[in-house]
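Residue numbers (the numbering used here): 132 to 656.
Here you go:
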């Protein structure tokens with residue numbers, strides 16, 4: 132039986148942009164939800180660390196996970212881009228509609244990463260035309276040329292060079308869904324650079340270059356890439372040096388990035404407003420701890436915070452960031468790196484209060500630890516089997532009295548963009564629909580366990596847990612965006628290997644157990 136991995140509201144959901152967040156100890160996590168809250172867990176250990184959902188009970192009460200991190204900003208972008216869906220024959224996604232009972236993944240965004248914005252071609256990109264003021268005018272000429280646009284098929288983010296031979300840094304969530312290249316054995320992104328013109332503004336270099344993802348860290352939300360070729364006319368690239376002194380509160384700082392609603396190489400000046408360990412030092416976490424008397428409950432919560440998979444040192448600044456700024460540098464008045472931009476608070480939909488008065492950045496100490504082991508060859512990011520979507524439902528598709536299918540959709544009363552199948556019937560401890568209704572345990576901590584996933588967005592992707600050990604270990608993925616999987620990813624001895632497709636993508640014989648093969652045939656017909 133797989134151990135719990137992702138908590139989501141009531142039935143299911145998750146977004147295809149990110150991997151799912153791993154929760155190792157359900158008992159510890161349960162201490163972090165408010166009394167009376169009810170949650171459901173989607174289980175599969177192969178979902179790596181960075182799927183984060185705020186939770187709401189059926190009554191609408193906001194619940195707490197250990198890090199209180201919300202679903203990420205690009206949720207709406209995912210939904211808007213999911214118009215063209217692969218045929219049901221290719222993906223086994225049922226041609227039915229989500230009903231009005233379908234639930235949204237989240238209703239409240241407490242913290243939203245400044246994730247990739249919708250992609251345009253390099254000719255669509257425009258340089259900023261706003262004059263820099265304050266410390267920014269002195270920093271901009273040195274820092275801006277080292278800042279790049281990182282584009283994938285699904286959007287763009289920001290990155291910056293840290294070595295003259297073409298190594299660059301960004302957020303993991305910017306590149307997590309970049310395309311796999313079987314020849315290069317890794318994932319590819321497109322890099323657009325710029326140069327200062329005679330008036331001191333950045334202008335786009337027309338010819339983009341490609342970069343290969345070498346290393347990622349979902350916990351720190353960092354990724355290391357290297358150019359496959361140098362930009363035209365350049366033997367080396369400009370870099371941003373790291374600050375040697377620890378950043379202090381109140382110092383001037385500058386963020387440069389490519390906001391989706393702004394222009395390229397947009398500069399924002401501000402001050403360092405705070406620092407701490409995320410999520411341990413968040414105000415709501417501290418107040419929650421103070422409300423718990425000493426004893427086992429408090430010890431459990433403290434231990435859970437200590438082991439939180441999102442735990443990292445962060446800085447807060449008064450620089451106003453937007454989606455598209457993800458992965459950009461935050462520098463001091465000397466143009467030295469003090470942090471990497473990654474998150475912004477957003478509007479509280481319950482109160483209408485805009486919390487976006489400051490931005491979150493990954494402390495330079497975390498960056499240096501991430502880079503302490505330099506990779507010799509590119510790594511493969513574990514493929515995410517979960518479809519993107521905004522609504523989800525659990526259904527009894529074969530009418531045998533047990534929940535066996537989760538549907539994920541972009542809109543209610545529309546066909547789903549993905550489906551998960553529980554083939555061994557161990558979701559909710561094997562309780563029947565009637566037993567669950569009678570007991571009220573819709574949110575039993577054992578959750579929904581699946582062995583097969585089919586996604587139509589962000590990519591056509593078929594995923595299997597072939598040996599039913601709780602890890603997705605075989606994935607067929609469409610990397611050329613023709614809605615037909617042509618790439619195979621196989622987990623062998625804990626390492627993902629990539630190749631051209633060697634087997635039929637939809638085939639019950641991928642499962643080792645005959646009972647799973649038979650169940651798959653029954654549910655997929």
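By construction, the Cβ of each residue, glycine as well, lies at the ideal position given by its N, Cα and C atoms. Please read all numbers here as calculations on a predicted model, not as lab measurements.
Cβ neighbour criterion (16 or more within 10 Å) applied to residue i
i           : result
residue 346 : buried
residue 528 : buried
residue 287 : buried
residue 338 : exposed
residue 623 : exposed
residue 148 : In this prediction, residue 148 scores a pLDDT of 30, lower than 50, which makes its location untrustworthy; the coordinate-derived value is nonetheless stated afterwards. Buried: at least 16 other Cβ atoms inside 10 Å.
residue 625 : exposed
residue 488 : exposed
residue 378 : buried
residue 645 : exposed
Cβ distance (whole Å) where residue i is taken to contact residue j below 8 Å
i           : j           : result
residue 445 : residue 491 : 6 Å
residue 272 : residue 331 : 6 Å
residue 388 : residue 452 : 7 Å
residue 359 : residue 341 : 5 Å
residue 266 : residue 464 : 5 Å
Residues of its chain near residue i, where Cβ-Cβ distance is below 6 Å and the 5 sequence neighbours each way are ignored
i           : result
residue 177 : Residue confidence is low: residue 177 scores 36 on pLDDT, short of 50, so the model does not pin down where it sits. No coordinate-derived value is stated.
residue 657 : Nothing can be reported for residue 657, as the shown portion of the chain is limited to 132 through 656.
residue 642 : 597 and 648
residue 520 : 539, 540, 541 and 548
residue 592 : 586 and 608
Reference residue i; option with closest CA among the options
i           : options               : result
residue 651 : 451, 619 and 556      : 556
residue 619 : 489, 291, 316 and 458 : 316
residue 587 : 538, 653, 394 and 460 : 538
residue 533 : 543, 505, 502 and 566 : 566
residue 383 : 298, 303, 448 and 471 : 448
residue 281 : 516, 514 and 323      : 323
residue 579 : 646, 621, 536 and 514 : 536
residue 635 : 645, 628, 502 and 594 : 594
residue 553 : 655, 472 and 499      : 655
residue 471 : 512, 629, 302 and 516 : 302
residue 362 : 381, 276 and 403      : 276
Close Cβ partners of residue i (< 8 Å) along its chain, the five nearest in sequence each way excluded
i           : result
residue 283 : 247, 250, 305, 306, 308, 309, 310, 320 and 321
residue 631 : 313, 617, 618 and 619
residue 375 : 467
residue 506 : 345, 346 and 355
residue 510 : 317, 344, 345, 346 and 347
residue 564 : 527, 532, 533 and 534
Residue i Cβ short of 8 Å to the ligand NAD heavy atom set
i           : result
residue 371 : Among the components modelled here there is no ligand, and therefore nothing to report on the ligand NAD.
Inter-residue Cα distance where the pair is residue i and residue j
i           : j           : result
residue 551 : residue 583 : 6 Å
residue 497 : residue 430 : 26 Å
residue 407 : residue 531 : 51 Å
residue 615 : residue 540 : 20 Å
residue 560 : residue 526 : 16 Å
residue 336 : residue 367 : 15 Å
residue 633 : residue 606 : 11 Å
residue 328 : residue 373 : 26 Å
residue 204 : residue 475 : For residue 204, the predicted structure reports a pLDDT of 28, less than 50, and the residue's modelled location is therefore unreliable. The matter cannot be settled from this model.
residue 458 : residue 385 : 14 Å
residue 499 : residue 297 : 18 Å
residue 599 : residue 621 : 15 Å
residue 433 : residue 405 : 22 Å
residue 179 : residue 639 : Residue confidence for residue 179 is low, a pLDDT of 27 falling below 50, so the modelled location carries little weight and cannot support an answer.
residue 365 : residue 589 : 35 Å
residue 390 : residue 268 : 19 Å
Chain-order list of residues whose beta-carbon lies under 7 Å from that of residue i (same chain, five-residue window excluded)
i           : result
residue 294 : 370
residue 611 : 617
residue 351 : 443, 493, 497 and 501
Min CB distance residue i to chain C below 9 Å
i           : result
residue 369 : Looking at the structure shown, chain C is missing, and only one protein chain is on hand.
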